[in-house]
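Participant:
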Amino acid sequence: MNDHQSIYLALSVILFVMGAFGVIIRKNAIVVFLCIEIMLGAANLAFVVFSRANQSAEGLFMVMCVMAVAGAEAAIGLAIFVLLYQKTGTINIDKFNLLKW
Amino acid sequence: MFDLVWLIPIFPLTGVLINGIFGRRIENKSKRLVHWIACGAVGLSFLVTLTIFLQLLGLPAEKRLYDFNWFSWISAGTFQASVGYQIDPLSMFMCMFVTGVGFLIHVYSIGYMWHDEGRYYRYFTYLNLFMFSMITLVLADNFLLMFLGWEGVGVCSYLLISYWFSDMANAVAGKKAFITNRVGDFFFAVGMLLLLVNLGSHGTWSLKFSDVFTHISLLSPKLITVICLLFFMGCTAKSAQIPLYIWLPDAMAGPTPVSALIHAATMVTAGVYFVARCNILYTMSPFAMSVVATVGAMTAFLAATIALTQNDIKKVLAYSTVSQLGYMFLGLGVGAFAAGLFHVLTHSFFKALLFMCSGSVIHAMSGEQDMRKMGGLKDKMPVTFYTMLIGALAIVGFPGFSGFFSKDEILWKAFSSPQGSTGLWLAGLMAAAMTSFYMFRLIFMTFFNECRASEHVKQHIHESPKTMTVPLIILAVLSIAGGFIGVPEALMGSNRVEHFLAPVMGMGEGKLLMAADGTKMLHEVSEGAAHHAFSMEYGLMLLTVLIVFCGIFLAYLMYMKKRALPEAIAAKSPFSYRLLLNKWYIDELYEKVVIRPLHGFGMFLWKGIDVVVIDGLVNGTARFFMKCGNTAKFSQTGYVQRYAVSFLVGAVVLAAYYIYVG
Amino acid sequence: MDLIPVITIGVAAVLTALLVIFSKNTVHSALWMVGNCFCIAVLFLLLNSQFIAILQVIVYAGAIMMFILYAIMMLNLRENGEPATKKSLFIFRMALLILFLICLTNLCIGFSPLALKGDMVTQNMDHFGEVNLIANYIFSEGLIPFELISVLLTAAVVGAVYLAKKE
Numbered sequence: 002m003n004d005h006q007s008i009y010l011a012l013s014v015i016l017f018v019m020g021a022f023g024v025i026i027r028k029n030a031i032v033v034f035l036c037i038e039i040m041l042g043a044a045n046l047a048f049v050v051f052s053r054a055n056q057s058a059e060g061l062f063m064v065m066c067v068m069a070v071a072g073a074e075a076a077i078g079l080a081i082f083v084l085l086y087q088k089t090g091t092i093n094i095d096k097f098n099l100l101k102w
Numbered sequence: 004m005f006d007l008v009w010l011i012p013i014f015p016l017t018g019v020l021i022n023g024i025f026g027r028r029i030e031n032k033s034k035r036l037v038h039w040i041a042c043g044a045v046g047l048s049f050l051v052t053l054t055i056f057l058q059l060l061g062l063p064a065e066k067r068l069y070d071f072n073w074f075s076w077i078s079a080g081t082f083q084a085s086v087g088y089q090i091d092p093l094s095m096f097m098c099m100f101v102t103g104v105g106f107l108i109h110v111y112s113i114g115y116m117w118h119d120e121g122r123y124y125r126y127f128t129y130l131n132l133f134m135f136s137m138i139t140l141v142l143a144d145n146f147l148l149m150f151l152g153w154e155g156v157g158v159c160s161y162l163l164i165s166y167w168f169s170d171m172a173n174a175v176a177g178k179k180a181f182i183t184n185r186v187g188d189f190f191f192a193v194g195m196l197l198l199l200v201n202l203g204s205h206g207t208w209s210l211k212f213s214d215v216f217t218h219i220s221l222l223s224p225k226l227i228t229v230i231c232l233l234f235f236m237g238c239t240a241k242s243a244q245i246p247l248y249i250w251l252p253d254a255m256a257g258p259t260p261v262s263a264l265i266h267a268a269t270m271v272t273a274g275v276y277f278v279a280r281c282n283i284l285y286t287m288s289p290f291a292m293s294v295v296a297t298v299g300a301m302t303a304f305l306a307a308t309i310a311l312t313q314n315d316i317k318k319v320l321a322y323s324t325v326s327q328l329g330y331m332f333l334g335l336g337v338g339a340f341a342a343g344l345f346h347v348l349t350h351s352f353f354k355a356l357l358f359m360c361s362g363s364v365i366h367a368m369s370g371e372q373d374m375r376k377m378g379g380l381k382d383k384m385p386v387t388f389y390t391m392l393i394g395a396l397a398i399v400g401f402p403g404f405s406g407f408f409s410k411d412e413i414l415w416k417a418f419s420s421p422q423g424s425t426g427l428w429l430a431g432l433m434a435a436a437m438t439s440f441y442m443f444r445l446i447f448m449t450f451f452n453e454c455r456a457s458e459h460v461k462q463h464i465h466e467s468p469k470t471m472t473v474p475l476i477i478l479a480v481l482s483i484a485g486g487f488i489g490v491p492e493a494l495m496g497s498n499r500v501e502h503f504l505a506p507v508m509g510m511g512e513g514k515l516l517m518a519a520d521g522t523k524m525l526h527e528v529s530e531g532a533a534h535h536a537f538s539m540e541y542g543l544m545l546l547t548v549l550i551v552f553c554g555i556f557l558a559y560l561m562y563m564k565k566r567a568l569p570e571a572i573a574a575k576s577p578f579s580y581r582l583l584l585n586k587w588y589i590d591e592l593y594e595k596v597v598i599r600p601l602h603g604f605g606m607f608l609w610k611g612i613d614v615v616v617i618d619g620l621v622n623g624t625a626r627f628f629m630k631c632g633n634t635a636k637f638s639q640t641g642y643v644q645r646y647a648v649s650f651l652v653g654a655v656v657l658a659a660y661y662i663y664v665g
Numbered sequence: 409m410d411l412i413p414v415i416t417i418g419v420a421a422v423l424t425a426l427l428v429i430f431s432k433n434t435v436h437s438a439l440w441m442v443g444n445c446f447c448i449a450v451l452f453l454l455l456n457s458q459f460i461a462i463l464q465v466i467v468y469a470g471a472i473m474m475f476i477l478y479a480i481m482m483l484n485l486r487e488n489g490e491p492a493t494k495k496s497l498f499i500f501r502m503a504l505l506i507l508f509l510i511c512l513t514n515l516c517i518g519f520s521p522l523a524l525k526g527d528m529v530t531q532n533m534d535h536f537g538e539v540n541l542i543a544n545y546i547f548s549e550g551l552i553p554f555e556l557i558s559v560l561l562t563a564a565v566v567g568a569v570y571l572a573k574k575e
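Chains as they are written, first to last, in our numbering: chain A, 2 to 102; chain B, 4 to 665; chain C, 409 to 575.
(1) Just checking my contact of Ala367(B) with Ser467(B) at CB under 8 Å: how many whole Å lie between their CB atoms?
(2) Can you tell me where the beta strand (DSSP E) with Val86(B) in it begins and where it stops?
(3) Please confirm if Leu453(C) has its CB atom under 8 Å from at least one CB of chain A.
(4) With a cut-off of 8 Å, does the C-beta of Ile94(A) fall near any C-beta of chain B?
(5) For the alpha helix (DSSP H) that Trp167(B) lies in, which residues bound it at each end?
(6) Run through DSSP, which three-state label would Lys382(B) get?
(7) Counting along the chain, where does the beta strand (DSSP E) carrying Ile77(B) start and finish?
(8) Are any of the Cβ atoms in chain A nearer than 8 Å to that of Tyr642(B)?
(9) Helix or strand or just coil, what does DSSP make of Ala263(B)?
(10) Helix or strand or just coil, what does DSSP make of Ala143(B)?
(11) Indicate the three-state DSSP secondary structure (helix, strand or coil) for Asp613(B) in the structure shown.
(12) Tell me, please, whether the region 370-388 of chain B touches the region 275-287 of chain B by the rule of three or more beta-carbon pairs shorter than 8 Å.
(13) For Asn514(C), decide whether its Cβ has a neighbour in chain B, counting only Cβ atoms nearer than 8 Å.
(14) Look at Ala2(B) and Thr438(B) and say whether their C-beta atoms are less than 8 Å apart.
(15) Does the distance from the C-beta atom of Lys416(B) to that of His346(B) stay below 8 Å?
(16) Would you list, in chain order, the members of the region 22-35 of chain A that have their beta-carbon closer than 8 Å to a beta-carbon of chain C?
(17) Compare the C-alpha of Lys413(B) against each of Met510(B), Phe443(B), Ala303(B), Phe556(B) and name the closest.
(18) Can the beta-carbon of Leu99(A) be found less than 8 Å from the beta-carbon of Ala421(C)?
(19) Determine, for Phe430(C), whether the minimum Cβ-Cβ distance to residues of chain F falls below 8 Å.
(20) Please report the distance separating the alpha-carbon of Leu426(C) from that of Met19(A).
(21) Alpha carbon to alpha carbon, how far is Met65(A) from Phe627(B)?
(22) Opposite Asp373(B) in the DSSP bridges: which residues?
(23) Should Gly336(B) and Val551(B) be called a contact, given that it needs their Cβ atoms to be closer than 8 Å?
(24) From His465(B), Leu445(B), Ser293(B), Leu356(B), pick the residue whose C-alpha is nearest to that of Pro421(B); which is it?
(25) Once DSSP output is grouped into helix, strand and coil, what is the label at Lys211(B)?
(26) Look at Thr434(C) and Ile26(A) and say whether their C-beta atoms are less than 8 Å apart.
(27) Should Leu100(A) be flagged as near chain B, meaning a C-beta pair shorter than 8 Å?
(28) Is Lys514(B) buried or exposed, if buried means 16 or more other CB atoms sit within 10 Å of its CB?
(29) Closer than 8 Å is the cut-off here; do at least three beta carbon pairs connect the region 80-88 of chain A with the region 44-52 of chain B?
(30) Of all the CB atoms in chain C, is at least one closer than 8 Å to the CB of Val664(B)?
(31) Please tell me whether Leu620(B) has its Cβ less than 8 Å away from any Cβ of chain C.
(32) For the alpha helix (DSSP H) that His436(C) lies in, which residues bound it at each end?
(33) Listed in chain order, which residues of the region 649-661 of chain B have Cβ atoms closer than 7 Å to some Cβ of chain A?
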């Protein structure tokens with residue numbers, strides 16, 4: 002059983018790093034968004050593994066929280082993208098630097 | 004009745020509050036009501052004072068001490084200060100003439116200020132506030148409350164000197180008075196703290212007069228000398244002595260009743276009162292006593308010389324006030340506390356009278372103060388002339404008038420007491436001679452000969468209204484009669500003032516206070532000298548009178564008979580004349596020696612230290628962080644991915660932390 | 409023996425993730441993302457947490473991915489290849505990522521679940537991940553966070569409506 006856990010964890014780490022790679026390399030806002038979802042999924046996987054190791058429901062509950070946050074994020078984030086696209090005609094995140102100094 | 008002593012300061016305070024808060028509205032409704040409130044308040048104070056005074060007289064001499072503790076003021080650890088009033092011969096003696104003369108001057112002000120363009124209620128508010136402060140000063144039973152009154156009168160003096168503040172000169176004069184007084188007050192406060200700290204280290208955390216005096220023998224004589232000198236420094240500012248007398252002549256910029264009340268009769272005698280109140284302290288330090296006496300004599304002499312050549316009627320009186328205050332300190336310094344206070348009393352009568360007469364003259368001359376443009380007023384304003392003549396005779400010490408008794412007492416004590424000396428006496432005598440000269444110079448120039456005023460002014464010359472002349476007459480009567488309450492023993496009198504005040508002077512049997520450790524501290528000076536050979540006293544008295552007559556005659560000669568003589572003398576010795584006319588160049592000297600360097604130092608602190616160092620430091624810090632911010636702001640590129648990368652950096656650091664530390 | 413499905417599904421998850429990242433077409437990315445979600449759900453099942461696995465399918469693969477596809481369709485994106493990241497930046501970021509990977513791996517190696525609960529590991533293993541256990545938790549200790557989640561979702565809905573609203 003323990004061996005399996007380390008495999009799950011390794012998988013979680015790999016997925017997380019891949020997600021991070023997508024976030025910092027890709028320019029398409031939607032893809033960046035999807036990469037974030039990958040990272041969240043990896044984190045969820047780790048939560049479940051730890052929860053099982055600890056024999057408690059806390060980790061599972063955390064997964065539910067993460068899902069809720071992901072849902073909220075999708076709702077708001079996508080609304081913003083749509084608006085941005087309407088205003089500027091692109092969703093290339095390098096085109097937006099309104100938060101500059 | 005003694006428990007009602009708090010009424011005395013409360014009445015003027017009520018006047019201040021009513022006139023100060025609602026004054027504008029009251030004045031718009033009825034200008035009369037303003038002065039009714041103000042004068043009524045002081046009048047009621049005077050009545051209460053009178054009743055308490057009479058009751059005090061009814062008690063046996065050694066029981067004449069009552070301490071009315073009103074409420075606790077400051078309570079810090081073991082230190083206690085209360086608002087309390089002390090009733091004893093000295094405080095009642097002062098309070099009597101402060102409220103009495105104050106009331107007369109309030110009444111006189113009605114006539115003098117009625118037509119003034121300024122705000123009527125403002126004037127009376129200040130005047131009442133002054134009365135409150137002065138009463139607090141003389142009635143206080145501890146140093147701290149007295150200091151409150153001391154500062155209060157200073158503030159009122161400032162406010163009233165620059166009452167016509169739209170004129171720059173008046174504002175400057177007020178400022179000068181205030182700042183000069185602050186210099187003195189600083190020394191005073193230091194003295195007070197020194198006293199408190201040192202007494203406290205002996206277990207007496209109190210500034211109450213009775214506590215301080217009964218425990219004073221715990222302190223070393225050197226320390227007492229230092230404290231006395233610091234206190235005296237404060238007195239020189241308040242009572243216009245060398246070296247801080249310079250503000251008083253300028254203070255004449257205020258309305259004349261103010262000059263009469265504050266800068267002649269009452270406030271300037273606060274220093275004299277204080278030294279007399281602390282007579283126990285001062286008698287323990289012969290050196291401090293001799294300083295007081297020397298400064299007094301020097302001031303009397305110096306001020307008199309300056310008064311000789313002044314042409315402004317109020318300036319002459321101002322310098323004569325400084326000179327007379329010098330006499331008082333001379334008296335105090337030679338141990339004749341009662342004589343000094345007696346002179347305070349008589350001086351308050353005749354100097355208030357003289358100022359009010361000069362005010363009457365100025366009023367009639369439409370504000371002209373230069374004596375060279377007066378003259379011939381004798382017939383046009385007889386009441387003013389005769390009352391002023393009485394005042395002048397009183398101040399020069401004409402036999403039978405009040406000044407004669409008090410001044411002669413001081414001169415005699417200066418000559419005969421152990422602390423006195425021939426030098427002090429001689430200075431006093433010279434000052435007396437000059438006093439008679441310049442006072443009669445003033446009388447002759449103002450009231451005799453032809454009128455030198457312009458035609459326009461001449462038409463307006465008139466006798467002053469009743470509210471002004473009645474106080475003049477009352478004060479004139481007092482100037483004559485005031486002397487008879489203290490006729491010295493040599494002249495078959497009983498010297499009532501001295502006997503009345505004797506219980507306050509010193510400690511021990513028959514006195515109001517007993518030293519805590521039982522040691523006796525009697526005044527040998529006033530008692531040892533009293534029974535001297537009368538023949539010598541007569542001789543000196545005669546000499547004084549003669550010299551006074553000489554002065555009067557000289558004035559008559561120069562300003563009535565041969566009127567070219569003054570100018571001839573001035574032309575003959577231009578240097579000494581100019582020296583006197585310019586007041587010994589003291590103001591210029593202070594300007595050069597004190598004010599300029601201080602000003603320069605202040606400029607250095609401003610331009611050098613403040614602007615360069617402090618502002619530089621503050622601005623430099625601000626500039627440094629602005630630079631930092633300007634540099635760091637470029638990290639905020641606005642690109643989301645860069646922020647994501649910095650997230651990642653943080654995550655790496657966190658992970659590394661857990662690997663290597665956690 | 410248990411290892412085979414785990415590894416198979418793991419490889420599938422990594423592959424789908426790679427396809428999500430490197431697809432030129434955004435719609436393809438989104439669809440591969442659905443696949444990735446299914447992989448994760450299967451992994452959850454293998455870990456005995458059936459409830460979470462079902463949630464994963466319903467919420468992620470069902471709801472969120474539908475959202476995203478819908479949004480992509482609204483955006484009408486043309487496929488003209490995006491500009492590449494600058495080379496120096498790219499190298500720096502890759503180096504950072506590798507460092508991150510090393511760190512995380514290090515942490516996972518150091519991790520031993522036995523150290524946490526000791527003997528308890530074997531207990532209750534059968535019931536782990538059942539709905540009643542999670543429900544018990546939600547309605548006892550987790551009540552307040554649970555309610556807060558509902559507030560968060562409401563706020564998100566309001567925010568989305570506000571953004572979508574025309575002036």
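All C-beta atoms, glycine included, are put in the ideal place defined by N, C-alpha and C.
Just so we're clear, the structure is a prediction, and the values are computed from it rather than from any experiment.
Facilitator: In this structure, then:
(1) 7 Å
(2) 82-90
(3) no
(4) yes
(5) Looking at the DSSP string, Trp167(B) is not in any alpha helix (DSSP H), and its letter there is neither H nor E.
(6) Looking at the sequence itself, residue 382(B) is Asp, so the reference to Lys does not match. Coil at Asp382(B), not helix or strand.
(7) 69-79
(8) yes
(9) helix
(10) strand
(11) helix
(12) no
(13) yes
(14) One cannot answer for residue 2(B) here, as it falls past the ends of chain B, which runs 4 to 665.
(15) no
(16) Phe22, Gly23, Ile25, Ile26, Arg27, Lys28, Asn29, Ile31, Val32, Phe34, Leu35
(17) It is Ile, not Lys, that sits at residue 413(B) in the sequence shown. The candidate whose alpha carbon is nearest that of Ile413(B) is Ala303(B).
(18) no
(19) Of the chains in the structure shown, none is chain F; the protein chains are A, B and C.
(20) 8 Å
(21) 49 Å
(22) Asp315(B)
(23) no
(24) Ser293(B)
(25) strand
(26) no
(27) yes
(28) buried
(29) no
(30) no
(31) no
(32) 434-454
(33) Leu651
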